Structure formats: C-alpha cells, structure tokens
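For the working numbering, count along the sequence shown from 1 and bump the result up by 44.
Where a beta carbon is used, it is the ideal one built from N, C-alpha and C, also for glycine.
Computed from a prediction, not measured in an experiment: that's the story for all the values here.
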Amino acid sequence: MTTTTTEPARAKPDQTAPLLQLRGVNKSFGAVQVLHDVDLDVRQGRVTALVGDNGAGKSTLIKGIAGIHAFDSGEYTFEGQSVHVTNPKQANALGIEVVYQDLALCDNLDIVQNLYLGREALASGLLDEITMEENAAETLAGLSVRTVKSVRQKVASLSGGQRQTVAIARAVLWNSKLVILDEPTAALGVAQTEQVLRLVRRLADRGLAVILISHNMNDVLAVADDIAVLYLGRMTAQVQTKDVTHNQVVTLITGGALVQKDGHVDVEEAHEDPIDEDAPPPHGTGAQS
Ligand SMILES: Nc1ncnc2c1ncn2[C@@H]1O[C@H](COP(=O)(O)OP(=O)(O)OP(=O)(O)O)[C@@H](O)[C@H]1O
Ligand SMILES: [Mg+2]
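Encoded structure:
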C-alpha cells in the first residue's frame, strides 16, 4: 500500500524542537549576579543572533553553554536531553564548538595544523598528515571557501577574513551541531565581512545551528533568522528577524521597550530624529562597529 503524504507547503524549520534550550539559567561571579533566569531556544538550520549592550552578559551566556563557566542553576537541554555541561570537553562531545573573538590560531602553523591542533589524526602512532590534509581541503571546499590557495599555507600569511574562515572551518570539522561565533566580523573590512557572513549563512543552510554574537545591526539583520536580546543579564526578547525593524532591535538592546515573553513582538519603535529639511545629508548609512 502506498500512502502519499502531503508536506505542508510552509513547513518552517523554526517549528522543530530547539537543538539547544535553556530555561531559567542563572550565573553569578561572587556576589554579582550576571545572568538572571535566562531562557534561550536555538534551532538547527537557523542563525540566532545574540545581541545586547556591553556587559549585558552575552559572553557569560556563551561560556555557560560551552562549559567554560558552568551555570549555577537552570535547565540546559540539548537534542531533547537534559544535560550537565561543566567543562568544554563535554560541550565538544555534544557537538558544540565556539569560535572566540581572538580566534586563538597559531600564526607559525599552517592551516591543516591549526585545524587539527590538539586533536591530531594518528595512523600507527604517527601523525596522519594525508588524512588531515584531505579533510582540511574537503572542509574548506564544503564551505565553498575558494580564496585560500593552499591548506599548507601558514596562518600568518592569511587575511583577517581568511583567518576567520579557518577558525570557523576548525569548528565545523568535528561534526559539530552548534557553532557559536563571538563577533566574527568585528575586525574585518567590508568585503571580508561579507565573505564571513556568507559563510555563517552557509553553516545554517547546511543544517547547523549557529549563534552569532554581534554588535553590528547590519550583520544581524543580514544573516540572522532569530534575534535573542540580553539586557542587563535578562533575556528580554527572542524574536524572528522578519518581525522586527532595525530600530526595534536597537530599542530592545537599549532596554527602551516593553517586551512580551511569548515570542510575540510588542516593541515600540525607537523615536526617529525629526527630519530637518535644511540639514546636510548624513555621512553614514548604518551601524558601524
Ligand atoms: N569572570 C568574571 N568575574 C566577574 N565578573 C565577570 C566575569 N565575567 C564577566 N563578568 C561581568 O559580567 C557582566 C557581563 O559580562 P559579559 O562579558 O558576559 O558581557 P558581554 O555582553 O559579553 O559584553 P561585551 O559586549 O562587552 O563583550 C559584566 O558586568 C562583567 O564585568
Ligand atoms: Mg562579550
């Protein structure tokens, strides 16, 4: 017997269960509580931007997810299972990889050596250079990275965007399911930013969940499907990018709006400056960082 299933035409990936779900997580450093009852849903195939002002708690939240500073309390669920992540190895074992802002690449090593640093492939007790080299080339090709000439090129000779690419490739080399990027475009020029954002998008399109920390609203709006907003250690909104404007996100970041927690957006537009017809045109067009 054959049955025909009709896929709903608008099956949205965001309707699936989250890959990562945090509920009511808290984190204090000594007497200072940095994260208050934070909820977060991160889904496969989607880029979730994590935004918030300096000191809002973004890095602390990421470090909790990555097991660097375990949360004090709250629920941490990954692939539907309640987990306790108290060190980075546990996070890696789940398929969570973080690309930190400083990248931590070794300049004097080549791309292959950087990709495999600390997790080298061995064959009969020796470094399996051939396998590592092949996998490195395959990973870069799989990410459609074409600007790197050779995987044996020293990292010192790479541009900022290429270095970021290598760091991201290192994160996806390990069957990762969730890749977290902390300000990947902060130090990059326009063309390199575009290159890295395209790569970020490709990761999600390949089915990975991506958390992108960024202060740059143009990047966020260009690449994120969802936006999670931290304000003074509280998750004040988690919205879909398509439901908000640039101004609304800025308003959320600066804490100037009332937000409902049911996923529905209820933000007031930030007040635009009244247009002064006689004023000269503005110099810039958008956010910069
Ligand atoms: N190890 C620590 N010990 C004590 N306080 C800390 C520690 N790490 C972070 N904090 C404090 O927690 C708060 C949140 O810091 P966090 O680095 O998470 O902010 P952030 O949102 O990442 O900011 P930025 O955008 O500037 O990177 C800050 O007030 C910071 O001083
Ligand atoms: Mg930070």
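- In the structure shown, the three-state DSSP call for LEU202 is coil.
- Distances from the CB of ASN260 to the heavy atoms of ligand 1 are all 6 Å or more.
- In chain order, TYR275 place their CB closer than 6 Å to the CB of GLY299, counting only its own chain and leaving out the 5 sequence neighbours on each side.
- If you draw a straight line from the Cα of LEU153 to the Cα of ASN291, it is about 44 Å long.
- Under the rule that a run must span 3 or more residues, the beta strand (DSSP E) segments found entirely inside the segment 244–297 read 253–257, 270–275, 278–284.
- VAL240 and THR121 have their alpha carbons spaced roughly 29 Å apart.
- Sixteen is the threshold: when 16 or more other Cβ atoms of the shown chains lie within 10 Å of the Cβ of THR209, as they do, the residue is buried.
- For LYS102, the Cβ falls inside the 6 Å cut-off from some heavy atom of ligand 2.
- Residue VAL86 holds the alpha-carbon nearest to the alpha-carbon of GLN65 among VAL86, ILE224, VAL76, ALA75.
- In the DSSP assignment, GLU119 falls outside any alpha helix (DSSP H) and within the unbroken beta strand (DSSP E) covering 117–122.
- When DSSP states are grouped into helix, strand and coil, GLY186 belongs to the helix group.
- Taking 6 Å as the cut-off, one finds at least one heavy atom of ligand 1 near enough to the beta carbon of VAL78.
- Taken through DSSP and simplified to helix, strand or coil, GLN236 comes out as helix.
- Judged by DSSP in its simplified three-state form, LEU66 adopts strand.
- Around the Cβ of ASP270, a 10 Å sphere holds 16 or more other Cβ atoms; the residue is buried.
- Here LYS107 is buried, its C-beta having at least 16 other C-beta atoms within 10 Å.
- The beta carbons of GLY99 and ASP83 sit about 20 Å from each other, so the pair does not count as a contact at 8 Å.
- For ASN70, the distance from the CB to the nearest heavy atom of ligand 1 is not below 6 Å.
- A distance below 7 Å separates the beta carbons of ALA248 and GLY89.
- Taking a cut-off of 8 Å on C-beta distances, the segment 246–262 touches the segment 216–235, as three or more cross pairs fall below it.
- The continuous stretches of beta strand (DSSP E) do not include ILE112, and DSSP gives it neither H nor E.
- Scanning THR280, LEU252, ILE297 for the CA closest to the CA of VAL91 turns up LEU252.
- When the beta-carbon positions are compared, ALA266 and GLN282 stay at least 7 Å from each other.
- For LYS198, same chain residues with a beta-carbon under 6 Å away, outside a window of 5 residues either side, are ASP154 in chain order.
- Under the three-state reduction of DSSP output, LYS71 falls in the strand class.
- The straight-line gap separating the alpha-carbon atoms of PHE73 and SER126 is approximately 24 Å.
- Judged by the Cβ position, GLY96 qualifies as a neighbour of ligand 1 at the 6 Å threshold, a heavy atom of the ligand being closer than this.
- ILE112 is the residue among VAL143, ASP116, ILE112, GLU123 whose C-alpha sits nearest the C-alpha of LYS133.
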